[in-house]
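J.: Structure below; questions to follow.
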Amino acid sequence: MVREVMELLQPQAHRRYLDGTLGGGGHSEQILTLSSPDGLVLGLDWDDEAIAATRERLKRFAERLLIRRANFTEASEILREVGWHKVDGILLDLGLSSHHLESRGRGFSFQFDSRLDMRMDRRQSIDAYQVVNTYPVSKLERIFREYGEERRARRIALAIDAQRKRKKIGTTGELAELVTRALGGGRSHIHPATRTFQALRIAVNRELDQLAGFLENAYELLLLKGRMVVISFHSLEDRLVKKAFRKWSRDCICPPKTLFCYCGWSQKARLLTSRPLLPSEMETRINPRARSAKLRAAERV
Ligand SMILES: C[S@@+](CC[C@H](N)C(=O)[O-])C[C@H]1O[C@@H](n2cnc3c(N)ncnc32)[C@H](O)[C@@H]1O
18 MVREVMELLQ
28 PQAHRRYLDG
38 TLGGGGHSEQ
48 ILTLSSPDGL
58 VLGLDWDDEA
68 IAATRERLKR
78 FAERLLIRRA
88 NFTEASEILR
98 EVGWHKVDGI
108 LLDLGLSSHH
118 LESRGRGFSF
128 QFDSRLDMRM
138 DRRQSIDAYQ
148 VVNTYPVSKL
158 ERIFREYGEE
168 RRARRIALAI
178 DAQRKRKKIG
188 TTGELAELVT
198 RALGGGRSHI
208 HPATRTFQAL
218 RIAVNRELDQ
228 LAGFLENAYE
238 LLLLKGRMVV
248 ISFHSLEDRL
258 VKKAFRKWSR
268 DCICPPKTLF
278 CYCGWSQKAR
288 LLTSRPLLPS
298 EMETRINPRA
308 RSAKLRAAER
318 V
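Right, here's the structure in full:
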């Protein structure tokens, strides 16, 4: 959704932008191009491979693109470190990059048989192997049900438990096969393990916690009229963004029917998208992974 993001962020010369999910740098590249000759971008990503590859790919912008390996929840400290404090635009394009899915050794995909890893930030100690082999059945069930919207979550959790008592589940291939067997093969057009893998990835990387933490006060990072755009790929993520932007756009957050306002809140932003923008048919045809994308934007007031 590059076109939609640029229309909303309206990159311009002399301005500063934060790309909290740099990834392959596609969006940042476009911001830098549109904000030439002197617009600046601070790009964050917690994945060392994304950082290295994008630093190299975008080296022609080295003077205008600052790159840091960091969680976007650390954006405020990093903005302070680089002396910017606030920016004219923020972008979060959440989830996995195509690099993650196409990497053989990272354990995100069941297309390749690799160690169960799924960490986007490889400095983190907990990985999918530990989640699958050590979490109690009830916790696994909840992860598959909530993050994967998997109706047969309990059946999968019990099958994992039965298997790991005999021998630890070590690879993506073993897990995909086990889930397929537990669900009695696949009847739908998606692989039977798709939902389980998505749920595990969200749990391993604590993706909803990161997003919720960031949204708590991300408006403080925006200059007046600065804009924030978030692209999410999961209904729970979109719900968090919708809730946060709605809160930012209100001038009082007291419970309904309260006679006198005591919350001390004031409006922080106005909504630029009352409903989420969805990718065009053309985009989902070219990039089927975009089909679940939802874009929301707000402007600091
Ligand atoms: C969908 S990709 C971004 C693609 C990018 N917009 C582009 O045009 O190439 C998401 C990226 O965000 C990173 N990411 C996800 N959650 C993050 C977090 N909490 N902090 C920092 N980076 C994160 C991932 O490592 C991944 O590289």
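If you're matching positions, the sequence shown starts at 18 in this note's numbering and goes up one per residue.
In this text, a Cβ means the ideal position worked out from N, Cα and C, and glycines have one as well.
Suppose only complete runs of 4+ residues qualify. What are the alpha helix (DSSP H) ranges in the stretch 85-171, listed by chain order?
T.: 92-98, 115-119, 145-151 and 154-165
J.: Which value, in whole angstroms, describes the spacing of the CA atoms of Lys-274 and Val-19?
T.: By 1-based counting over the sequence shown, the position of residue 274 is 257. By 1-based counting over the sequence shown, the position of residue 19 is 2. Near 42 Å, if we compare the C-alpha coordinates of Val-19 and Lys-274.
J.: Using only the alpha-carbon positions, how far apart do Gly-106 and Glu-191 sit?
T.: Within the sequence shown, residue 106 is the residue found at index 89, counting from 1. Within the sequence shown, residue 191 is the residue found at index 174, counting from 1. In a straight line, the C-alpha of Gly-106 is about 43 Å away from that of Glu-191.
J.: Which first and last residues belong to the beta strand (DSSP E) in which Gly-243 is found?
T.: Taking the sequence shown and counting its residues from 1, the one referred to as residue 243 is at position 226. That run of the beta strand (DSSP E) goes 239-249.
J.: Output the boundary residues of the beta strand (DSSP E) element that contains Arg-317.
T.: Locating residue 317 in the sequence shown gives position 300, where the first residue counts as 1. Where Arg-317 is concerned, the enclosing beta strand (DSSP E) starts and stops at 311-317.
J.: Quick one: measure Cβ to Cβ for Asp-62 and Leu-39, integer angstroms, because I've assumed they're closer than 8 Å.
T.: Indexing the sequence shown from 1 puts residue 62 at position 45. Indexing the sequence shown from 1 puts residue 39 at position 22. About 4 Å separates the two Cβ atoms, so the contact holds.
J.: Residues in the same chain with beta-carbon distance under 8 Å from Ala-286, minus the five sequence neighbours each way, listed in chain order, please.
T.: Indexing the sequence shown from 1 puts residue 286 at position 269. Close CB contacts of Ala-286 within its chain, under the 8 Å cut and outside five residues either way in sequence, are with Tyr-236, Leu-239, Met-245, Phe-262, Trp-265, Ser-266, Ala-315, Glu-316, Arg-317 and Val-318 (chain order).
J.: For Trp-63, verify whether its CB is less than 7 Å away from any heavy atom of ligand 1.
T.: Taking the sequence shown and counting its residues from 1, one reaches residue 63 at position 46. Within the cutoff, so yes.
J.: Taking 7 Å as the cut-off, is the CB of His-251 close to at least one heavy atom of ligand 1?
T.: In the sequence shown, residue 251 corresponds to position 234, counting from 1. No, ligand 1 has no heavy atom inside 7 Å of this Cβ.
J.: Would you mind stating whether Arg-162 and Leu-200 have Cβ atoms separated by less than 8 Å?
T.: Reading the sequence shown from its first residue, position 145 is the one you call residue 162. Reading the sequence shown from its first residue, position 183 is the one you call residue 200. Against a cut-off of 8 Å, the Cβ pair of Leu-200 and Arg-162 comes out as no contact.
J.: When DSSP labels each residue in this structure, what does Asp-62 get in the three-state scheme?
T.: Looking up residue 62 in the sequence shown gives position 45. Judged by DSSP in its simplified three-state form, Asp-62 adopts strand.
J.: Using the beta-carbon count (16 or more within 10 Å), is Asp-226 buried or exposed?
T.: On the sequence shown, position 209 is the one that residue 226 refers to. That one is exposed.
J.: DSSP on Asp-36, reduced to helix/strand/coil?
T.: Position 19 of the sequence shown, counting from 1, holds the residue named residue 36. Note: Asp-36 maps to strand in three-state DSSP.
J.: Since Asp-178 and Val-154 should fall inside the 8 Å C-beta cutoff, what is the C-beta to C-beta distance between them, to a whole number of angstroms?
T.: As a position in the sequence shown, residue 178 is number 161, starting the count at 1. As a position in the sequence shown, residue 154 is number 137, starting the count at 1. Right, the Cβ-Cβ distance comes to about 5 Å (below 8 Å), so this counts as a contact.
J.: Mind checking whether Leu-82 and Val-99 have CB atoms under 8 Å apart?
T.: Residue numbering aside, residue 82 sits at position 65 when the sequence shown is read from its first letter. Residue numbering aside, residue 99 sits at position 82 when the sequence shown is read from its first letter. No, the pair does not count as a contact, with Cβ atoms beyond the cut-off.
J.: Going by DSSP, name the residue or residues bridged to Arg-77.
T.: The residue given as residue 77 occupies position 60 in the sequence shown. The partner list for Arg-77 (beta bridge, DSSP) is empty, contrary to what the question assumes.
J.: Using DSSP with H/G/I as helix, E/B as strand and the rest coil, what is Arg-223?
T.: One-based indexing of the sequence shown puts residue 223 at position 206. The answer is coil: DSSP assigns Arg-223 none of H, G, I, E or B.
J.: Using the beta-carbon count (16 or more within 10 Å), is Asp-64 buried or exposed?
T.: Counted from its first residue, the sequence shown places residue 64 at position 47. Its Cβ being crowded by 16 or more others within 10 Å, Asp-64 is buried.
J.: Rounded to a whole number of angstroms, what is the C-alpha to C-alpha distance between Lys-260 and Leu-294?
T.: As a working mapping, residue 260 is identified with position 243 in the sequence shown. As a working mapping, residue 294 is identified with position 277 in the sequence shown. Answer to the nearest angstrom: the Cα atoms are 16 Å apart.
J.: Tell me the rounded alpha-carbon separation between Gly-165 and Phe-214.
T.: Taking the sequence shown and counting its residues from 1, the one referred to as residue 165 is at position 148. Taking the sequence shown and counting its residues from 1, the one referred to as residue 214 is at position 197. Answer to the nearest angstrom: the Cα atoms are 8 Å apart.
J.: Please state if the CB of Leu-195 and the CB of Ala-174 are separated by a distance shorter than 8 Å.
T.: Translated into positions along the sequence shown, residue 174 becomes position 157. Translated into positions along the sequence shown, residue 195 becomes position 178. Cβ distance not < 8 Å, so Ala-174 and Leu-195 don't count as in contact.
J.: At what residues does the beta strand (DSSP E) containing Leu-288 begin and finish?
T.: Working through the sequence shown from its first residue, we reach residue 288 at position 271. Its beta strand (DSSP E) spans residues 286-288.
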